[in-house]
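Here is the structure we will look at.
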Amino acid sequence: MLKLIQPDDWHLHLRDGANMTSIVSATARCFARAIIMPNVKPPITTVAQALAYRQKICAVESRFNPLMTLYLTQDTSISDIIQVKNSEHVIALKYYPAGATTNSELGVKNLQQVWGIFEAMQQHDVPLLIHGEVTTAHIDIFDREKVFIHEILDPILTHFPKLRVVLEHITTQEAVDYVLHHNISATITAHHLLMNRNALFEGGLSPHHYCLPVLKREHHRQALLEAATSGNPKFFLGTDSAPHAQSDKESKCGCAGIYTAPAALALYAEAFEQVNALDKLEGFASFYGADFYQLPRNTQKITLEKSTWKMPLNFKFGHQKVIPFRAGTDIYWKQN
Ligand code: DOR
Ligand code: ZN
């Protein structure tokens with residue numbers, strides 16, 4: 134049995150409308166707070182929109198504190214940054230390179246155009262959350278994170294050394310090394326800790342293992358496991374749980390995203406147990422993210438017991454269904 138301070142999810146996709154309504158409780162039954170990604174349609178680009186979206190989430194789930202983000206676009210203004218700075222509920226901006234992932238079309242195309250925004254974010258100490266992948270067609274998809282770090286992230290940090298940055302859902306040894314040697318933090322997903330790229334082709338093409346950044350080789354997974362279980366507070370929990378309707382995943386052009394929320398903490402526990410590091414789970418899941426965002430640590434406790442249960446085959450998702458990670462198979466930890 135494991136007893137830990139209630140964790141938070143520092144990277145979550147909740148979608149909107151009826152889809153949101155059907156999935157928000159899966160996160161709220163485990164996590165006290167979550168950072169809600171803004172890549173809904175249309176994207177959340179202003180504090181007013183973020184607060185309206187937050188209210189809808191809270192109307193469904195009162196147990197839970199959603200921390201909102203704005204989607205950085207070419208139209209983001211310094212006034213938006215100041216509003217975030219002054220908001221209790223909207224706490225960061227998310228940088229999507231245009232075309233990098235789901236609903237990222239309005240993301241950043243030209244870095245120079247958001248340079249003044251970075252300046253204001255540094256000045257007002259507003260965190261920048263980064264999807265770190267280049268989108269250039271000639272770059273191999275497995276190298277997109279590594280190239281982003283050298284070509285985009287490093288110049289940003291050279292110009293804005295005090296900008297508070299989270300490199301989201303890191304997937305490579307290069308990202309781990311970069312975070313270790315620079316003044317930034319990173320989230321790590323459960324699915325990148327549990328799978329390498331072979332899982333994409335296990336017994337045939339597996340659309341439910343397709344996410345972005347895409348799964349990498351085993352040695353990268355080992356580097357992520359080492360970072361997550363190191364006790365270094367630069368690395369903390371962010372599930373990137375990203376539900377899509379079954380028909381959008383199992384289609385001729387399947388969407389990227391893995392729905393891990395129904396077992397998120399159990400999946401992290403499984404990964405940490407693989408390397409005998411369950412004693413490091415609480416820091417990673419419950420302390421370091423709160424510390425980075427300068428928010429109080431939670432005080433409630435939750436318990437996880439070593440007990441096997443079967444993940445349901447699907448869950449309701451608005452008028453459709455979503456297939457969770459590990460659908461129909463064993464999960465080894467259970468939250469009471
Ligand atoms: O796999 C992913 N799905 N990666 C992302 O960056 C976005 C997410 C989504 O919104 O579906
Ligand atoms: Zn995400």
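In terms of the numbering used here, the numbers along the sequence shown are unbroken and rise by one, the last being 469. Think of the CB as a built atom: it goes at the ideal place given N, C-alpha and C, for glycine as much as any other residue. What you are looking at is a predicted structure, and each value in this text was computed from that prediction instead of being measured.
Please report the distance separating the alpha-carbon of residue i from that of residue j.
{"i": "T178", "j": "D141", "result": "24 Å"}
{"i": "E359", "j": "E351", "result": "12 Å"}
{"i": "S212", "j": "T393", "result": "36 Å"}
{"i": "V280", "j": "F164", "result": "33 Å"}
{"i": "I263", "j": "V298", "result": "7 Å"}
{"i": "V173", "j": "G337", "result": "31 Å"}
{"i": "L398", "j": "I272", "result": "34 Å"}
{"i": "D276", "j": "S318", "result": "20 Å"}
{"i": "A181", "j": "N219", "result": "13 Å"}
{"i": "L203", "j": "L244", "result": "17 Å"}
{"i": "D412", "j": "I321", "result": "17 Å"}
{"i": "Q255", "j": "A396", "result": "36 Å"}
{"i": "I303", "j": "F368", "result": "10 Å"}
{"i": "P269", "j": "L437", "result": "Per the sequence presented here, residue 269 reads as Thr, with Pro not at that position. Roughly 43 Å between the two C-alpha positions."}
{"i": "A410", "j": "A402", "result": "9 Å"}
{"i": "P366", "j": "G422", "result": "8 Å"}
{"i": "Q207", "j": "Y426", "result": "25 Å"}
{"i": "L419", "j": "L200", "result": "Rather than Leu, the amino acid found at residue 419 in this sequence is Ser. So the alpha carbons of these two residues sit roughly 15 Å apart."}
{"i": "F197", "j": "C191", "result": "7 Å"}
{"i": "T209", "j": "A253", "result": "11 Å"}
{"i": "S339", "j": "Q188", "result": "36 Å"}
{"i": "Y228", "j": "W466", "result": "34 Å"}
{"i": "N331", "j": "A404", "result": "17 Å"}
{"i": "S195", "j": "L205", "result": "28 Å"}
{"i": "P175", "j": "N329", "result": "33 Å"}
{"i": "L428", "j": "K439", "result": "30 Å"}
{"i": "T468", "j": "F293", "result": "According to the sequence as given, residue 468 is Gln; it is not Thr. So the alpha carbons of these two residues sit roughly 41 Å apart."}
{"i": "V193", "j": "L135", "result": "29 Å"}
{"i": "D463", "j": "L400", "result": "11 Å"}
{"i": "E221", "j": "E406", "result": "36 Å"}
{"i": "V312", "j": "R148", "result": "29 Å"}
{"i": "A233", "j": "V408", "result": "32 Å"}
{"i": "K242", "j": "D424", "result": "32 Å"}
Taking the Cβ atom as the reference point for each residue, do residue i and residue j lie within a distance shorter than 9 Å?
{"i": "N431", "j": "R166", "result": "yes"}
{"i": "W143", "j": "L370", "result": "yes"}
{"i": "K349", "j": "H325", "result": "yes"}
{"i": "I169", "j": "Y186", "result": "yes"}
{"i": "L296", "j": "F251", "result": "yes"}
{"i": "P346", "j": "G265", "result": "yes"}
{"i": "I391", "j": "H341", "result": "yes"}
{"i": "M444", "j": "G416", "result": "no"}
{"i": "R323", "j": "T362", "result": "A small fix is needed here, since residue 323 is Ala in this sequence, not Arg. No. Outside cutoff."}
{"i": "K434", "j": "Q216", "result": "no"}
{"i": "C344", "j": "A308", "result": "no"}
Determine the burial state of residue i: buried for a count of at least 16 other Cβ atoms within 10 Å of its Cβ, exposed for fewer.
{"i": "P230", "result": "buried"}
{"i": "W248", "result": "exposed"}
{"i": "D310", "result": "exposed"}
{"i": "Q306", "result": "buried"}
{"i": "W442", "result": "exposed"}
{"i": "C386", "result": "exposed"}
{"i": "I274", "result": "exposed"}
{"i": "G364", "result": "exposed"}
{"i": "R459", "result": "buried"}
{"i": "N152", "result": "buried"}
{"i": "S374", "result": "buried"}
{"i": "A356", "result": "buried"}
{"i": "H377", "result": "buried"}
{"i": "F334", "result": "exposed"}
{"i": "T291", "result": "exposed"}
{"i": "H146", "result": "buried"}
{"i": "E278", "result": "buried"}
{"i": "S237", "result": "buried"}
{"i": "P171", "result": "buried"}
Return yes when at least one heavy atom of the ligand NAP lies under 8 Å from the C-beta of residue i, else no.
{"i": "N329", "result": "Ligands present in the displayed structure are limited to the ligand DOR and the ligand ZN, and the ligand NAP is not among them."}
Quick test of your reading: residue i and residue j, contact by CB under 8 Å. State the CB separation rounded to the nearest angstrom.
{"i": "V259", "j": "L226", "result": "7 Å"}
{"i": "L327", "j": "L137", "result": "At roughly 19 Å, the Cβ-Cβ gap does not stay under 8 Å, so L327 and L137 are not in contact."}
{"i": "L261", "j": "V223", "result": "Wrong, their Cβ atoms sit about 14 Å apart, outside the cutoff."}
{"i": "I214", "j": "H257", "result": "6 Å"}
Quick check: the region 370–386 against the region 449–460, are at least 3 beta-carbon pairs closer than 8 Å? yes
Contact between the region 153–162 and the region 434–451 is defined here as three or more beta-carbon pairs at a separation below 8 Å; is this criterion met? yes
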